[in-house]
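Its first residue numbered 1088, the sequence shown is counted upward by one per residue in our numbering. One structure below.
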Amino acid sequence: MNNNFYFCLILLIIFSCENKPKEEVFFKKDLNYHLSTNLKELDNSVGIEEKLTDDVYLRGFAFYEKGKDSYDLILEFQDDITSEIVSKYTFAVEGFVSEDYLENLSDYATSRNRKYEIWIGTYKLRKTNNYCYLVIGIKTKIKKFNLIKFYLYDQAGYKGDIGKRVLFYNYNIY
């Protein structure tokens, strides 16, 4: 009888266990993680290595998705850039789209008959593990850009570009 009890118990355990597929656990890494790892794990991270001015060197950029149509545009600069240097300039980024994606432009861009979005501002320098960034919060429905332009102008107002424009072609957020 004792053997029958153990045999039934084993059968009960075996048949009560279901073969459930293992669930894949996904942890979204936050912005600070990506900044601390020099954007290496962001699939859309791009190295540029171009001077905007004698004191501002753009090393790369990436888009970090915060939510639906909400991103942080991350600009990486040389390690020795300072807040004083950053505070001299207004940073401008223009993202151009093809005719196929014009419906994804913002109402602001559409009302001005533009084929591009523009993000302009003065931003606070962020230093993480000796990497230097500006992080620009943006909203856009655009996922593919034909051209992205980076440039600077005087913080007091636009009187022309300072330095040179850096151009990057055919960029996909995903």
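Note that the Cβ used here is the ideal one computed from N, Cα and C, for glycine as well.
- Membership of serine 1170 in the alpha helix (DSSP H) is indicated by the continuous run 1170–1173.
- Distance from the CA of aspartate 1142 to the CA of asparagine 1191, rounded to the nearest whole angstrom, comes to 35 Å.
- Here the C-alpha atom of serine 1198 lies approximately 32 Å from the C-alpha atom of isoleucine 1135.
- Serine 1123 and tyrosine 1218 have their C-alpha atoms roughly 8 Å apart.
- The distance from the Cβ of valine 1253 to that of leucine 1145 is about 6 Å, consistent with a contact at the 8 Å cut-off.
- The three-state secondary structure of asparagine 1191, taken from DSSP, is helix.
- Residue nearest to tryptophan 1206 within the set Ala1196, Tyr1188 and Ala1179 is Ala1179 (criterion: CA-CA distance).
- Going by C-alpha positions, aspartate 1248 is about 16 Å away from isoleucine 1172.
- Around the beta carbon of alanine 1243, fewer than 16 other beta carbons lie within 10 angstroms, which makes this residue exposed.
- Residue pairing of alanine 1149 in beta bridges, as defined by DSSP: Ile1161.
- As summarised for the segment 1182–1242, the continuous alpha helix (DSSP H) elements at least 4 residues long and confined to that stretch are 1194–1198, given in chain order.
- Taking a C-beta distance under 8 Å as the contact criterion, leucine 1212 and isoleucine 1168 qualify as a contact pair.
- Under DSSP, threonine 1177 shares a beta bridge with Tyr1240.
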